[in-house]
Amino acid sequence: MSTTMLTELEWQQIRARASNFPPEAFHFVRAGLHHTVQSIHGEPLTVSSKGASSGQLVIKLPVTDPTDERRHISGQQLCLGIRDLAIQRYGLLARTVLRKWGIRRSEDFGTLVYAMIDRGELRSSPNDRIQDFQGVFDFDEAFNQIGLN
2 MSTTMLTELE
12 WQQIRARASN
22 FPPEAFHFVR
32 AGLHHTVQSI
42 HGEPLTVSSK
52 GASSGQLVIK
62 LPVTDPTDER
72 RHISGQQLCL
82 GIRDLAIQRY
92 GLLARTVLRK
102 WGIRRSEDFG
112 TLVYAMIDRG
122 ELRSSPNDRI
132 QDFQGVFDFD
142 EAFNQIGLN
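Mapping of the sequence shown onto the working numbering: residues 2 to 150, in sequence order.
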């Protein structure tokens with residue numbers, strides 16, 4: 002697992018922000034990761050129920066060779082994949098569901114992802130930065146573009 006060059010203060014800030022999100026937000030970001038990797042690379046991530054509570058699946062990137070970039074996705078790709086999954090799953094209610102979980106901007110996906118990296122649930126590449134999640138899309142514009150009001 003890479004620490005992606007964040008300072009301890011930055012990690013503390015991520016942990017503090019992430020504590021405001023409910024478990025459903027983390028589960029949905031994991032599902033979004035799975036969806037995005039499969040959409041881009043055509044192969045699913047490893048999924049197990051080991052250590053999961055309430056029957057939820059745990060999705061982890063395989064911890065193999067850390068230089069293996071075959072299934073790597075960027076923060077921007079992940080944000081767009083999560084957006085697409087939200088629309089696919091929740092349709093007209095996508096924005097409402099995400100807001101209920103406290104997710105209001107693409108940076109929130111970055112906070113959730115980096116909290117999972119910090120907990121050892123995901124890993125990152127040396128080139129990944131939390132800034133990759135900033136301003137990927139505006140929630141109102143993204144959902145309005147497809148006719149969602």
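Beta carbons are placed, not taken as given, at the ideal position from N, Cα and C, and that holds for glycine. This structure is a prediction, so every number in the text was calculated from the model and none was measured.
Using 8 Å for Cβ pairs, my map puts L86 next to G136. What's the rounded Cβ distance?
Mapped onto the sequence shown, residue 86 falls at position 85. Mapped onto the sequence shown, residue 136 falls at position 135. Between L86 and G136 a beta carbon distance of about 20 Å is seen, past the 8 Å cut, so the two are scored as non-contacting.
Three-state secondary structure (DSSP) of G33:
If you number the sequence shown from 1, residue 33 lands on position 32. In this structure, G33 counts as helix in the three-state DSSP scheme.
Write down the C-beta distance between G111 and I131 rounded to the nearest angstrom, noting that I regard them as a contact closer than 8 Å.
For the purposes of this step, residue 111 is taken as the residue at position 110 of the sequence shown. For the purposes of this step, residue 131 is taken as the residue at position 130 of the sequence shown. Rounded to the nearest angstrom, the Cβ distance from G111 to I131 is 5 Å, consistent with a contact under 8 Å.
So what does DSSP say about T112, is it helix, strand or coil?
Indexing the sequence shown from 1 puts residue 112 at position 111. Under the three-state reduction of DSSP output, T112 falls in the helix class.
What distance in whole Å lies between the Cβ atoms of A26 and I104, which are believed to be in contact at a cut-off of 8 Å?
Within the sequence shown, the letter at position 103 stands for residue 104. Within the sequence shown, the letter at position 25 stands for residue 26. Confirmed, about 6 Å.
Would you please state the rounded distance, in angstroms, between the beta carbons of R72 and V114? I believe it to be under 8 Å.
If you number the sequence shown from 1, residue 72 lands on position 71. If you number the sequence shown from 1, residue 114 lands on position 113. At roughly 15 Å, the Cβ-Cβ gap does not stay under 8 Å, so R72 and V114 are not in contact.
C-alpha distance - D119 paired with S40, whole-angstrom precision:
Residue numbering aside, residue 119 sits at position 118 when the sequence shown is read from its first letter. Residue numbering aside, residue 40 sits at position 39 when the sequence shown is read from its first letter. Rounded to whole angstroms, D119 to S40 spans 25 Å at the Cα level.
Do you know how far the Cα of H28 is from the Cα of A95?
Reading the sequence shown from its first residue, position 94 is the one you call residue 95. Reading the sequence shown from its first residue, position 27 is the one you call residue 28. Looking at the two C-alpha atoms, the distance is approximately 15 Å.
Reference Q78, options L93, K101 and D129, closest by Cα
Start at 1 with the first residue of the sequence shown, and residue 78 comes out as number 77. For the residues L93, K101 and D129, the minimum Cα distance to Q78 belongs to D129.
Is the beta carbon of F134 less than 8 Å from the beta carbon of C80?
Taking the sequence shown and counting its residues from 1, one reaches residue 134 at position 133. Taking the sequence shown and counting its residues from 1, one reaches residue 80 at position 79. Taking a C-beta distance under 8 Å as the contact criterion, F134 and C80 qualify as a contact pair.
Mapping DSSP to helix, strand and coil, what is L79?
In the sequence shown, counting from the first residue as 1, residue 79 sits at position 78. In the three-state reduction of the DSSP assignment, L79 falls in the helix class, which pools H, G and I.
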